[in-house]
Structure formats: structure tokens, C-alpha cells
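**Q** If you read the sequences in order, they're chains G, H, E and F.
Here the numbering used here is used: the first residue of the first sequence is 1, the next is one more, and so on.
Here the numbering used here is used: the first residue of the second sequence is 1001, the next is one more, and so on.
Here the numbering used here is used: the first residue of the third sequence is 2001, the next is one more, and so on.
Here the numbering used here is used: the first residue of the fourth sequence is 3001, the next is one more, and so on.
For glycine and all other residues, C-beta sits at the position ideal for the given N, C-alpha and C.
Since this is a predicted model, take the numbers as computed values, not measurements.
The structure is given below, and queries will be raised subsequently.
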Amino acid sequence: MTQTIFEKGAPGRRAFTCPALDVPEVDGLLPGALRRSEPPRLPEISEPELVRHYVNLSKRNFDLDSGFYPLGSCTMKHNPRLHERVAALPGHARLHPLQDPARAQGALELMWNLERALAEVAGLPHVSLQPSAGSHGELAGVLLTKAFHADHGEQRTKVLTPDTAHGTNPATVTMAGYEVVKLGTNADGGVDIDDLRAKADETVACLMLTNPNTLGIFDHNIEEIAEIVHGVGATLYYDGANLNAVMGISRPGDMGFDIVHFNLHKSFTQPHGGGGPGSGPIAVADRIDPYLPRPVITRAADGSFDLDDERPKSIGKLRGFQGNYGCFVRSYAYIRSLGAEGLKDASETAVLNANYLVARLRALGVADKLPLAFGELCMHEFVLSGAPMKRELQIRTLDLAKRLLDHGFHPPTVYFPLLVDEALLIEPTETETRETLDAFAEALAEILREAADDPSVARNAPYTTPVRRLDEAAAAKRPVIRQPL
Amino acid sequence: MTQTIFEKGAPGRRAFTCPALDVPEVDGLLPGALRRSEPPRLPEISEPELVRHYVNLSKRNFDLDSGFYPLGSCTMKHNPRLHERVAALPGHARLHPLQDPARAQGALELMWNLERALAEVAGLPHVSLQPSAGSHGELAGVLLTKAFHADHGEQRTKVLTPDTAHGTNPATVTMAGYEVVKLGTNADGGVDIDDLRAKADETVACLMLTNPNTLGIFDHNIEEIAEIVHGVGATLYYDGANLNAVMGISRPGDMGFDIVHFNLHKSFTQPHGGGGPGSGPIAVADRIDPYLPRPVITRAADGSFDLDDERPKSIGKLRGFQGNYGCFVRSYAYIRSLGAEGLKDASETAVLNANYLVARLRALGVADKLPLAFGELCMHEFVLSGAPMKRELQIRTLDLAKRLLDHGFHPPTVYFPLLVDEALLIEPTETETRETLDAFAEALAEILREAADDPSVARNAPYTTPVRRLDEAAAAKRPVIRQPL
Amino acid sequence: MLAEIGVSSLDELFDRQIPAAVRLQRPLDLPAGMPEQDVYAHLRALAQRNTSAEDELTFLGAGMYDHYVPAVIDMLLGRSEFLTPYTPYQPEISQGGLQVMFEYQTAISELTALPVSNASVYEGPSAVAAAAYLAKLANGKPRVVVSRGVHPHARAALRTLAAGYGHDVVEVGLRDGVTDAAAWETAIDQDTSAVIFAQPNFLGAVEDTAALAEAAKNSPAVVVGSYDPIPLGILKPPGECGVDVAVGEGQTLGNRLDFGGPSFGFFAATDAYLRRMPGRIAGETRDVDGKRGFVLTLQTREQHIRREKATSNICTAQALNALAGVVYLSWVGRRGLVELGELLLQRTHYAREALTAIDGVEALHSQPVVREFAVHLNAPVQRVIARCQDAGVNPGYALGREYDEYGDGLLVALTERRSKAEIDRLAEVLGAAVAAERETAGVSA
Amino acid sequence: MLAEIGVSSLDELFDRQIPAAVRLQRPLDLPAGMPEQDVYAHLRALAQRNTSAEDELTFLGAGMYDHYVPAVIDMLLGRSEFLTPYTPYQPEISQGGLQVMFEYQTAISELTALPVSNASVYEGPSAVAAAAYLAKLANGKPRVVVSRGVHPHARAALRTLAAGYGHDVVEVGLRDGVTDAAAWETAIDQDTSAVIFAQPNFLGAVEDTAALAEAAKNSPAVVVGSYDPIPLGILKPPGECGVDVAVGEGQTLGNRLDFGGPSFGFFAATDAYLRRMPGRIAGETRDVDGKRGFVLTLQTREQHIRREKATSNICTAQALNALAGVVYLSWVGRRGLVELGELLLQRTHYAREALTAIDGVEALHSQPVVREFAVHLNAPVQRVIARCQDAGVNPGYALGREYDEYGDGLLVALTERRSKAEIDRLAEVLGAAVAAERETAGVSA
Ligand SMILES: Cc1ncc(COP(=O)(O)O)c(C=O)c1O
Ligand SMILES: Cc1ncc(COP(=O)(O)O)c(C=O)c1O
């Protein structure tokens, strides 16, 4: 099944029946110069063919409803189907973004409630739901920082990011017109405080931090870090990708963060969709509030809601309309389903599952070849180093990952974070059962045993997948990124 | 993935959250003697486990959206997804069957319109949508015949069915309290007229016929047959399973049939659901009308609709309520989508595809080993005999069918109709493309070539399926029909 | 393609096969086809002319109930792999559907405490008739004794079918809401082929099914019970009450109301009737490599093998609806079904108290009720219902539609969707409607 | 599990990792959790407080349009295999998603007649800003020239982003509905990093994009066009008009309105910008057995590889919405898209004629329009809109919300869902509303 849709069908075939022309036909409405001469060569295909093509394509995907997906930093937790049902209600799904707010009170109330809930989870009072994803939220956050400093007559030039930071952090810094300054990591897996002290000065606009960070380590110096950062008048930014570890347990606002982004498609279970849609709301402290993107939702004394576009200090708009409302519906449904207790329980179980898996790997001796990179305990995820495995068994983390495919598991995030040699970043999430964690640990042990006998098995894996290892170098050297027609 | 749902989960796990008790609790509402002592041992499982279990089970099914499914007599045509969308509209899906007809006018109008459309396709004026499937429609039809004769003071004892008849026909006859009398098939694949003449007398209540029959042959003596049957005062029953061949082309009523059943899950594309739900409406001539199941839908002068239960001569009810309304919605949507032309085009294309496939098989030499059992042309389906293949290549129709699985095709209906040795009953339907028919013909040719080299390949097929040939004898000898707990 | 076939036109294909006299010489008299968007708009317009459970607060039951259908069911039933295949004639590529049947059979067997279940029949009422037919084939006796507590549609379907294969149907009336024990006993004799009751019965009353079964002990009768599966989490199951065959309507198990169907009927029995069961049955076995697998089994019962000697003519049944059933039972789970039963027990009692506190409303019987109950109104029930519906509340089913003896009876049903607040609202609206009707009656008197 | 870990309690797990001072010592102040049925009821109640395109006859567009979304899209997007995985980091088990990206890129490339497309960006307006950022990285020039025909939200997003990385934004006004050619030319110079226009523009007018591009020919500027994809079946594509980068809002391609998102933005370019593209790009390759396959390619552009040197910070994009896009384009098909374009062209013309025939309603410009047009009302537009909505018709968008220069302008949008009869209904309702408002004005005057 490797034909593309453009290689199927036949001239004249179609699924769509165009409504009949019901108005008097008029010629020459569109001057020839503006007209397209040749129609785009889109597929010509019947509906049955169309359905079969994409149904069969779907079967060439691994997915969360089919198996364990411990992709670190991505929080691949179960996506309840209720959320799809409520998001599809016409009152949500067919609501036009420019509908008169007086006739969209349900949507505005939903967004208002979601803002309040996110503010409570973050421990920061003001929320904008507008950003389209985490990295979009980061951009919003750094631009807010810029507006904040500018408003106080300052032109700062640098943003600090630890070497554990996700790639979107430094990329965002550049996009926002700042210089990236890297911070080292200490022996505990936290920020190197001395390095921070050395680099924190009045030219620094912001420190972007993930806590727990991408090592799954909660930085126990967080208070001191906040003190240093605020001491030089910079803002402290919280990358919320790992919020799933601390919901109802510890709040970024209480840790001293000024700006937080959420990934609704992670902690709040918006389905990942093969790479989106996502949603990256931000929560901020009072002093950042004036700069929030517009419009903001307001609530009148009579309980009615409105959109306020008159925000003189606002950084403006990051995108069209009010953000990814469809994602808001799902995450709001999630929050209402779980409630205060449920959210806390989710984080507790996420952390429990991660630590249980660490313990299983220790018990099975896997840890000898794949030691925990830092510490003994972890939060909701943890990082193993494949260096001993590579040295002693002659298989790389990549080989291990590919061999896991034959065991029916999605591999963890690999080769990230960068500071860990041959890294595996594993996040089980709270929606997995103990049986699944045991089976995954057993699979890792089995692969190591197998490699001890014969490393070539893993090196040539996978064997049971729709395709085997693909030539990525060739793909990049002579890119074929569209179907030649 | 061969664990059952009962072998998964753990005590205390659950998906369902029961609403809190919101009324004052009262003890002893249910006397102990009436109480269950031990709860049924249903699964204890979380929602993520539940979803994974059934999603993974689904992947062990072959289905119409994944490939060609030429299961003869079953009309496996494409199921448009629009039908699922409209059937799910709350106004249809959450409508209670006992709602006051005055508050269910949309549903009654839909049923009325569907009745009119089916009447037009059948060429018979009166319709009951009540029967739940084809065989249920057959039962209704034979019971109508019985009521008709009884009402005319006759007690007839026999029902004629040709040896090509589907098993439900004779089974129905018995259930309706009649004796089955078999009719032979002539050289053209039609009813043996002499045999019919010989057996048709005043003891005969009805002749049940499929036309085109299960050989895909349209009986060109149909007028004469009707004359003979009516000549002895019997009714002529039309098994509508093969209606997909003649929609808008030839009407059972015009052929002389008195009673017709439809299979909405065949000709009118209600999805087959792995073995239902179906729906088996019946259309009848004026003289049968008084006996139709109750209630019947009536239309008042003001255009409003009602349900009439006062039908003194009615055979009564075959089931609860008004029938499988959800199926009516889908088939009505289908009829409105295609319209008069579209329905005719569907039948024309179905017949064209079947004959094209016959021609391809001839061209590829497949017909030498798998000859057409009767005639040269066919209607919407056709029967091949595997006898020469068995004799010359030492593989049976069963082997051929199993080997087709490895080629990614659902096999045709096999070993039916009974009168053809090693029968294959092939129905491509109108929604398949020429490319698919060509590929299927090529696969048959390839299997025959392969068998000529080495018959054991087919004899031991399939190889690529989730399981291989199963021990059905053992299953029947020591039946394990539930999970031991 | 015509060329390959060797015909010059489509018409030739038909001319050569169908006598001109029976060809339709005109287009079908049907409306022209429509684009998808227009069909959607039309079907939506029709839907909007129905008052569904989404549009009013409904307490209407009487055989089908507005339970919540979890979203996972929509997703799973919507998967092409479950929605579009047919009966699993080719087990190697149908293990999904076959295992679902096996799991379903297990769940029904657990629910009923009976060892044997088939993979589904059409729906509830026809399942009752099918059970009587099983009895006829089993013992050949001429008579069926059926309680008037059995759903009127089931009794009608029984009479319709019995008229064909030949059973006399004798009905036994109710007394204070349950089957009249004395009449029941006297009705049963050595010519009794089957006895049939419902649990709970049509008036919502919990019957003493063990006693009803006991009464048939010394007769040849097959004891048949028709069950609502939802209360079986808390009610003594048929298998512990001397029941031979337990059937019932499966709609309440994860199926939509759909104006009456499709749903499914369940059909369970003791081992004695294993080879007399109607319909498909999946069984466990192994493949040539020793792998566990499932197949359709005991097919020598069925029409496609036995033809006129088959135990039933059923072919296409309700596989997809039965899938919804087993998914629902797994979703609710072992403890959930008990909790659900207890919740309904309490709410039903509360509702009965709340309604009978209204003057002009009296309990129609005092039997235990678990999800539905009957009251008598001192006012014309149809007019009261209409008044309530105009106020957005559907109070239930007018018993007079099927029971002359309960002229102004009202049957009120609960599900987990109906909260205390909504029950209170019902009491308020019903009270007002009854009062208003008695007013007018008083005036007109 | 705690025992295995070697801790005595859950709390210990956290006490040992999180300083007490930053632990939350109280429960979150959020409502308690609810059963599924109650969450459904709550979300449904909220939905019912919105007036959606299902509840009124709407001609509201202005960037998102009420096109019909075929049912196949719901089914395909609902399949777990598409809905629940993440970015295809493991190509061996992600061929489905990767091939979809490849097919999507091909469809966008065909639509735009540009050789390069990525696999999606967030949505339309931010895509315009992303195109400007590409220009900044490409030529480092200080200024962007943007037509006021570009969607106001896109211009706002551009300004927001440009304030960060540093572009001055210069706007060029409109003249008889299209970009003022003279002002456009004079605005473009050697410091111009990018020029940006929209096709059709925000007033629905078809621009002479070739001329607009031509004007930038002798400047370093990257020529950027923002397109509505639906009319591209009949409008000359960017690739034939000298456009370097074509972006746009993809909602109209099989995505729901969803109160503004999620949808997707498309981003296409000439080969020159291949290695400067933001976002994911899928490419074709082979596996070790020589089998055809697809992978994410040219990743050296991206944040996870290049970090601060990346061409963009985008990570999670809109894969599922882009899937809807390519399925929609395949469903409509090559001929369908042209027919759809012609239908909208004719109906839009008809609607403009019908509305401008109303007195008090004048065309705001006389340019060709293909799916949307602007009129001027001699009455307060907001009040007219409110009157129409009270009559069940949403006549469109009040231009004054973003354009002071078009105070009482009304922007009216068509889709294939809006029939002639519905257009006539709009004319009737709008006519009445305008008349009524002028009445009151007259009176109050
Ligand atoms: C730690 C971290 N930060 C930021 C991001 C970026 O979020 P998004 O992909 O939603 O833009 C991710 C997600 O991949 C992440 O894991
Ligand atoms: C010729 C024929 N008659 C009758 C039937 C019975 O129809 P159903 O399965 O809907 O009961 C079938 C379907 O299998 C059939 O093929």
C-alpha cells in the first residue's frame, strides 16, 4: 500500500457532487487575466476509493489507542472520547469566531472558566488562551517580557536557557530578537547556580526554565533561582510542557515564575493528532497582565461575557481570532471530569508510574546498562543513559529504540536531552497500568539479553514494521517533497 | 492479542463513574430473597485499557473499508459515512419509540417516504418496515400468506422453494408451519417449469423465489411461473436479497410477485455491522394489505402522520415498536442521495461489473478451471464451479478461498448455492473500480498458476492472517462458548 | 468494459437477460439525487420535527430507556473494522468480531447466571417468541402460558409467530402488580410447552420468579423469563431461579433509542438447550499453529446448514448492537453495574413517593420497583401527559394504550440520567397537570 | 508499587523531591469531578448558549467560512491511528501520517503552483507573520510592506512578531477595493524585506497579484501572498504570478469553524526558500529493503536540531487539520474544485446584485468578487446586523470593527451551502432591516 492518492483514481472520478447552479449564469465575471488556465491536478477519485486509501494509510500508523507510547516530554496520556463528542456539538463546532459575543455566551463562558482553572493550576492570576501551541506560548511569553521591559524603559538583550532546555526555547529566544545564553546543569540535574549567578545581570531579560526539567528532575533550588533572576529585574519563564508532574502539587506561580505556558495537548489531553493541533495558553503575574495578547475575555457585573480588544499596552495578536477553541472544549471537559482531586491524582499517579518503572528496570538489571542519568527518584519522567549499553553491548540507543518497535512499543524520546550521552527520555503517564509498565521493562531487558548474544539483531531492527529503517540521508540530499505529476 | 477482556484489568478498576446518590437512602427496598448475592463477574477495567482492547481487536477484522469483499448474495457495497452522521442526529438517535406520534412527525414522515420509495422500486403498493432482517421479512411474508389463505377459508400445507434457495427460505417455511417442497433447476439455471407444474396444486400456499436467483440468473420464465402459481391460488414471494441487480430496471410487482422483502443492509447499504443490524421491510399487493403487521403509518388529509394499530385482520406484530428506524434513516439518506437515476445506475453498474469480471476471468484463462456454472452472461453476481480445479489442480474451493486471504481479498461466498459443485458465488457490487476487479481476477489466476506448481501452498493457506486455519471440528465437539471464570 | 464483455451497450446486457414485458420502461418515480450537504440538511430538518430525549425531560420507558451511552461506544462502533464487515464466515480474518461475540456471550452468561448464550437475536419482544418456538421444538406441547406482566409487544409477537408454527397462547393476569400466582398455577398443566414471565414486569414490579418457575416444575414446560438487563446487577439472576431460557431487550446496554431500533435481543439458556439455540454462537478453538482463535460453532443448528430442519431462520442478527452491549458492560464493570442498580432502586423509590404524594395520583401497586413504576391518575392520563409535555416534561407511558384494566395508569421510568432535581421537577409539573385536569373535569361536571 | 520503589507513601515521593515551601498545601480551588454524562450535559448546555451556523442562516465570513465538511472527514479524523499519535519521530511506525503529509504537500503545491510546501503551520494570520520572518532571515532588510487588503488579524500578528525580531511594518491602503497601486510602488524600495498582499483581499476583491508582484521585482523583497484556497480552482495561482511565498488559512478545506480553531495554515514557496521553510516537511525515500517510504526531512532547519539557529520555533503544528485539508481536496477533486469556484463566482455576483438593488445599500467597490463582497449601508451597520440576526439571518461582518474608513461597511460571504433561495431571504431581511433603521433615523432626525 505505498501508492499515493495521486496515483489512484481515474479521470472523471469524484466523490463530491457540486450543487446545481441555481442563479442566472453571467459570463465574464472574472477577467481572463485573473483566471487559472489549468485546474490544479488534484486527485480524481471515488468516495469508496478515498475511504479505503486513508483507512489503509491509518493502519500504517502506531497510535496511543493501540499501545504504550512513553515518548518523554510529550505526555502521551489517554484521550477520552467524551471530549471528541462534546467538541463536535454544533453549538461549538459550527460557531463562527466573529459571531457577536452576545450570541456566543456559552463559548466565552467556557473560555472564562478554562482561564480560571488554568490560573488556579499555575498559581498565576491572568491567562490568555490565544497561543496555538507550546512554542507559540513561549514566543508570547518572551514577547511579553520584551514589552514589559520596554514599558519600563529598558532594552535588555539576553535570555538564559539551561542546556537541558527543549529546542523550542532557544529558537523562541532568537525569534523574539534576543541573544541566547546557555546555563550549565549541576550534578543533581538542576541549574548550575554559580553559572546562573555569573551570567545573571541587567542585560538579561528572562530565564526560561522547565521544572521538573527535561531530565524529570525538580530543581530544589527553584526559590534561590527565582531570587537571583528577580534580583536582576529579569522575568522567570516556566515551560509548562512538564506540568503533568505537579498539577495540584506545586504551582509555578508559587515557585516564583512570572509567565507560564501550558500544553493543552499534553497535560490536558487534547489528542496529538499526529503533530497537532495543540494549544499553548499562558498564565502571567499581575505586572505582566497589561501586555497580554488581545482580545481578553471580560465578565460584566451581570455575569455576561465580552471580548475586550482595547488593550493599549497589549503585544497585539499572535494569530487570528481567539485561539484553538476546539482544544479548549476538550481540555475544559477534561478538567471538569477530573476536578481538583482528579488532577492531583493524575500527577501523583504519573510520578508513581515513572518511579515504579525506574524500580522495575533496576530490579531487572536493566539499569546496569541503562543507568538513570541523574538522581534516584524522578518526577513524571526520567532519563536513562545508553552509554554503558553502547560500550558493553555494541548497540546504540537508536538500535534499542528500533528493536522496541518489534515488541509493539513506541520508543521513548531518544537523544534528548542533549547533555546525556545516548539519552532515552521515558514518560509513562498516569493512564498506563502496572501490567503495561512491567511488560515494557521486560521488553527492555529482553532486548539487552538479545544484544548480549548478538548485537546485530537490534542493529538491523525493526523487522515487523510496515517499512524498515529508512534512508533519511538520501531524503535530505535529494529532497522529494511532493509527488511529481 | 488473544487475551479476552475478562483476562484483563484488575479488581477495582473501572471506566464508569456512577452519579452520586442524590436522594435520601432507604433500606430494605428490595427483599433479600429477590436480591443477587454475588455480582456478575463482569470485567474490571479502566477506560484506556477498554479502548485499547477493542481497538486492537478491531484490527483483527477484515472490512469493506480496507478491501474488496465480493461475498456473493450479500451485496457488500460501500457504506457512505453521511448515513452514520445523519443517523446520529439526536432528533433521530434519541427519539423514544413510544413518543406521541404528534411529536415524532419527522420520523413518521421519513418512514412514510421510505415506504413510498420502496413501494415504487418493488412495484407493489403497500409496505411494512417492521421486519428486522431479510429472514424476518420472509417470515412475515409467509405468515401473511397464511393469513390470506385462512381469511379465504383455506388451509394450505405446502410452500415451494427451488433448490437454489437461500437456507433462510426453507427454514422460514418450517417456522411458519408449512411443509417445504423443493423445486428443481433447469439447464438455464431457472426454475424447472415441469417440476413446478407437477407440484403446483391447491395444497400449495406459496412459491418463494429469488430473481435474479442465487446463481445470478434472471429467470426468463418468470411470467409463466407467476401464471402457474397464481393459477393454483398460491402467492408468489420475492426474496429481495438480489434486488441490487434490478433497481429501476425490472420490478418484482411487474413480474407478478405478491410479496417482496428488501434487505436494507444489502441493496440500500445499511452497514453490515459484522452480522447485523439489518432491516427487512416487505412490500405487498392490495390483496395482502389487510394482513400487514401493525401498526401501519397513516397520512391524514392535513399531511400529518400517525400510527394505526387498529388492523383487525393484521398478523399482529413481529417485534417491538416500529422496526429498525436507525436503518431506515440510513437507507432513506441513500435513496435521496442517489435518486431515481442513481439507483438505476447502481444496478446497471453492479451488473456491468459482474459481467466484466466474468470476461476478465475468461480472458485470463481462469474460466478453464473455474467455469461459470450456468449461462454466459449474469446479473449482479455469478457462480463459478470449482470442480475442474479440484479435479485438475487438486485444490478445493475452500483452499482457493483461504489463499485469497493472503492476497488481501475477502473470498466470495463458497459452497453455496448447493446445487453447484465446489461453488464460488461472486458479487463485486457497483462501488468497486475496474482496477480492483482486474486485481482480483489476476489474484485468482495467480493462485491457479501457483497450484499447478504446488497445490500444497493453497491447501495450507492462509499464512499472513492473524490466525491460520482453525479447528472447527474441535470447537463443535467440545464447545467452549464462554470464558471460564 | 462493454467491449471486454462483448456487448455493445448496457441495454444489451439487460435485453439479453430480462424479458421485455417485465422491464420497467420508465424512470422510477422518485425525487432526483441530491448533493451530500442537501441530504444532510433534509435529514436534519426531519430530525428537528421530532421531540427527542435531548429536547424534553423524559420519564418514558416501557421497554426502551434513555440511559447514557458512553462516547467510547460511538468511537468503537464507528470503526470500519466493526461497522462494515458481515457475518464472520472467514474466521482467519474475522477474529475481532468472533472474539467480541465470545466476550459478549460470556458477559450475558454472567449476567443471567446461565451457561449458554448466543451472539444475539433481533430484539426483546421477538426473542420471547423465539423462546416459545424453541420450546415447541423441544417438547412439542400445544400451549404457552404467558403472564400479562410480559411486554405487550412481546405477547403480540408471540401470538403472531405461534399462529404460524402452532402454539395456543394463554395469558395469565396480574394481581397487585404481579402475576396472579393462583391463576398461574392452574394455567400450567401437562400440555404446557412453555411458561413466560418478565422481570421486572411491564408495571415495573419485581416478580418472585423463583416461585413462578417452581409452579412449572411438574410440567413439561420450558421456563422462560424476559429480563431487563440493567437491574440484573442487584436482582437474583434467572440461573438461580429455575429459569431455563432467559431473553430480553438489550437496548439499555449501550444502544441508542433510535425510535425503537436497531438494538439487540439476548438469548441465554441452560446446557440442555445448547443445541436448540437460535442464531450464531462463537466458540474458542486453536489454529494449525496452536494459536488461540474463535469460530462460529454448532452451525448444524442453523438455516444455512440445516435449511428446513434449522432451529430458527435467523441469519443476519445484531452483531454491532451486541458489541455495544459488551463494551457497555465492560465500561460499567462489575462494581458499576451494582452501583447503578442501587442508584436506580433508590431514585425509583424516591420518585414513587414523590408522585404518589400528589393528590389525584395513587400507586397502582405496592410491589418493589427497581427502575420503573406504575401509578393511577384520577384524571385523563393522555391529557395529563400532553399538558406535561407542553411544559417540557414527558411523564411516561399511558398504560391504557395496552391495558384496558389500567385505564388512567401511568408508567414512569428512571435512568441514571434523571437526577433528584429532575424527579422533583416531574412531580411539580405532573401535580400541576393533574390538578388542572381535575379542575376542568370539576367544571365540566 | 510503592514498596518496589522503596518509599512508604506517595507523599514521600514528593517530599523528597519538592521543597515544602513550594508545595501546594491545599486542594486546588476547582469544582469536583463529574461523571461523563454530567460533563456531557454541561458542555451541551454551554453549546446551546451559542448561535452557531446550525442555528441561523449565516453569511458571516471574514476569514473563516461555513463550508460543508463531508462526513468522511469526521470518520477519518476520528480514527485513533490519526487522532492519537504525535509527530512521526519513528518513521517505521508512522508511514500513515508521513504519507499524508507528503500527499498534503503535493496538494498544496498543486493548488499554489509552487514547488515547495511544508506540512502545515498554525493557521492563516500567523502564517503571514511567519512568511515575514522568513524574509527577515533571508535578506535581513528592515521593512515589510503590507496591503490593508490583508486580513486585519494577519497584519496584527505580523506587527506583534515583527516587534520581536525587528521589522518595520508599513501599510498600503486600498483604492476602489484593491491595493492602491501607486502607493504600493512608492512604498517598495531597496530596504524592503517583504511585500505582502491577500488574494482575494479582505473586501472580497480579486487583486491583480501579478502587477503587485511585478512592482517588487527590482527590490530585494520576498513577494508574499495570502490566499483563500477555495477560489484557487479558478484564480491564477501564485506560482504563475511571481509570488515567492504563498500562505493562507486552511479552515475552508474540510475544517470546522470551531469558533476560530484549530484549523491549519499552509505555507508554500519557490525552491529558493526550501531550506528556509518553517515547520515539518515529509520527503520520500526507501527503506533498507528498497521499499518506498516517507520520513521527516530537511530537519536541520528545525528547532530540535538547530535550536537558536532554527528557521522557526514551531514544533507541534496542525497535522490533523492538514489531513482534513488533503482529504477535502481529494474528495472535491480536480474538477470539483473548479465547479465549486464557478458556482461561488456566480452566486456571489448574484448576491451582490440582489443586495445592492436594495435602497440604502451600495457596492463598496466594483472589483470582481469570487466568494465574498463588501457593501456600504446608509444605516448603522451594527444595528442592521442585530435586526437581521433577530430574524434568523446573520448578514455578515461589520467592516467598521477593523476599518474606520468603511464605517458602515458590511462584508457578505458565500459558500456552496448558501442557495439562491437563502440569498433571496438575506436580501429580504437585510432590506427590511435597513429600511427600518433609516425609518428610525428619519424619525429621530
Ligand atoms: C519541554 C518542551 N518544551 C516545549 C515544547 C514545545 O511545545 P509545542 O510542541 O506544543 O510547541 C515541548 C513539546 O514538544 C516540550 O517537550
Ligand atoms: C438470497 C438470500 N435470502 C435471504 C437472506 C437472509 O437475509 P438476512 O440475513 O437479512 O436475514 C440472505 C442473506 O444472507 C440471502 O442472501
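What are the partner residues of Lys1182/H, as DSSP defines its beta bridges?
**A** Answer is Thr1161/H, bridged to Lys1182/H.
**Q** Give me whichever residues DSSP pairs with Asn2050/E in a beta bridge.
**A** Ala1104/H.
**Q** Looking at chain E, which residues of the segment 3026-3041 of chain F have a Cβ within less than 7 Å of any of its Cβ atoms?
**A** Listed by position, the residues of the segment 3026-3041 of chain F near chain E (Cβ gap below 7 Å) are Glu3036 and Gln3037.
**Q** In the segment 1225-1299 of chain H, which residue ranges form an unbroken alpha helix (DSSP H) of at least 4 residues, counting only runs that do not cross its ends?
**A** Entirely contained in the segment 1225-1299 of chain H, the alpha helix (DSSP H) runs reaching 4 residues are, in chain order, 1252-1255.
**Q** According to DSSP, what are the bridge partners of Gly3265/F?
**A** Per DSSP, Val3121/F and Glu3249/F.
**Q** Cβ closer than 9 Å: which chain H residues qualify as neighbours of Arg2280/E?
**A** The answer, in chain order, is Gly1275.
**Q** Scan the segment 2402-2429 of chain E for residues whose Cβ lies nearer than 8 Å to a Cβ of chain F and list them as they occur along the chain.
**A** The segment 2402-2429 of chain E vs chain F, Cβ under 8 Å: Glu2416 and Arg2417.
**Q** Pro1048/H touches chain G at which residues, Cβ-Cβ below 7 Å?
**A** Residues of chain G passing the Cβ test: His78 and Thr431.
**Q** When burial is assigned at 16 or more other CB atoms within 10 Å of the CB, is Tyr54/G buried or exposed?
**A** Result: buried.
**Q** Report the start-end ranges of each beta strand (DSSP E) in the segment 73-156 of chain G that is 3 residues or longer and not cut off at the edges.
**A** Whole beta strand (DSSP E) segments, 3+ residues: 126-128.
**Q** Can Ala117/G and His126/G be called in contact, C-beta distance under 9 Å?
**A** Their beta carbons are not under 9 Å apart, which means Ala117/G does not touch His126/G by this criterion.
**Q** Which residues in chain E sit within 8 Å of Pro3220/F, going by Cβ to Cβ distance?
**A** Within 8 Å Cβ-Cβ: nothing; Pro3220/F doesn't reach chain E, min ~47 Å.
**Q** Is any non-hydrogen atom of ligand 1 found closer than 8 Å to the C-beta of Asp219/G, if you look at the structure I gave you?
**A** No - ligand 1 has no heavy atom lying nearer than 8 Å to the Cβ of Asp219/G.
**Q** Using 8 Å as the Cβ pair cut-off and three pairs as the minimum, do the segment 2143-2159 of chain E and the segment 2170-2179 of chain E touch?
**A** Because the criterion of three Cβ pairs below 8 Å is met, the segment 2143-2159 of chain E and the segment 2170-2179 of chain E touch.
**Q** My assumption, with CB atoms under 8 Å, is that Leu2449/E sits in contact with Pro1281/H. Please give the rounded CB distance.
**A** The structure shown does not extend to residue 2449/E, since chain E is modelled only from 2001 through 2445, so no value can be given for it.
**Q** Can you tell me the Cβ-Cβ gap for Ala3004/F and Ala359/G, rounded? I've got them flagged as a contact below 8 Å.
**A** Here the sequence assigns Glu to residue 3004/F, which means Ala is not the residue at that position. Confirmed, about 4 Å.
**Q** Between Thr157/G and the rest of its own chain, which residues show a CB-CB distance below 6 Å, the 5 nearest in sequence each way excluded?
**A** Hits under 6 Å: Glu179 and Thr203.
**Q** Closer than 8 Å to a non-hydrogen atom of ligand 1 - does that hold for the CB of Cys74/G?
**A** True, at least one ligand heavy atom lies under 8 Å from that Cβ.
**Q** Consult DSSP for Gln2299/E and reduce its assignment to one of helix, strand or coil.
**A** Three-state DSSP puts Gln2299/E in a helix.
**Q** Would Val3170/F pass as an interface residue toward chain G - the criterion being a Cβ-Cβ separation below 9 Å?
**A** No - not a single Cβ of chain G is within 9 Å of the one on Val3170/F.
**Q** Does any residue of chain E have a CB that is nearer than 9 Å to the CB of Pro19/G?
**A** So yes, Pro19/G belongs to the interface.
**Q** Is DSSP giving Glu3362/F helix, strand or coil here?
**A** Here Glu3362/F sits in strand by DSSP.
**Q** Do we get a CB-CB distance below 9 Å when we pair Ser2008/E with the residues of chain G?
**A** No - not a single Cβ of chain G is within 9 Å of the one on Ser2008/E.
**Q** Would you please state the rounded distance, in angstroms, between the beta carbons of Asp1065/H and Thr2084/E? I believe it to be under 8 Å.
**A** 5 Å between Cβ atoms; contact.
**Q** List, in chain order, every chain H residue whose beta-carbon is nearer than 7 Å to that of Ser3080/F.
**A** Ordered by position in chain H, the residues that pass the 7 Å Cβ test against Ser3080/F are Val1055.
**Q** To which residues of the same chain is Gly3400/F closer than 8 Å at the C-beta, ignoring the five residues directly before and after it?
**A** So the list reads Val3381, Gln3382, Tyr3406, Gly3407, Asp3408 and Gly3409, once near-sequence residues are dropped.
**Q** Could you tell me whether any non-hydrogen atom of ligand 1 is closer than 8 Å to the CB of Cys327/G?
**A** Result no, Cβ not under 8 Å from ligand 1.
**Q** Please list, in chain order, all residues of the same chain as Gln394/G whose beta carbon is under 6 Å from its beta carbon, the five residues on each side excluded.
**A** Pro455, listed in sequence order.
**Q** Between Thr3348/F and Tyr3065/F, which are expected to be in contact by the criterion C-beta below 8 Å, what is the C-beta distance as a whole number of angstroms?
**A** Not confirmed; about 12 Å, so no contact.
**Q** Under 8 Å: does the beta carbon of Ala1133/H sit that close to some heavy atom of ligand 2?
**A** Within the cutoff, so yes.
**Q** Look at the alpha carbon of Asp3287/F and the alpha carbon of Val480/G, and state the distance between them as a whole number of angstroms.
**A** About 15 Å.
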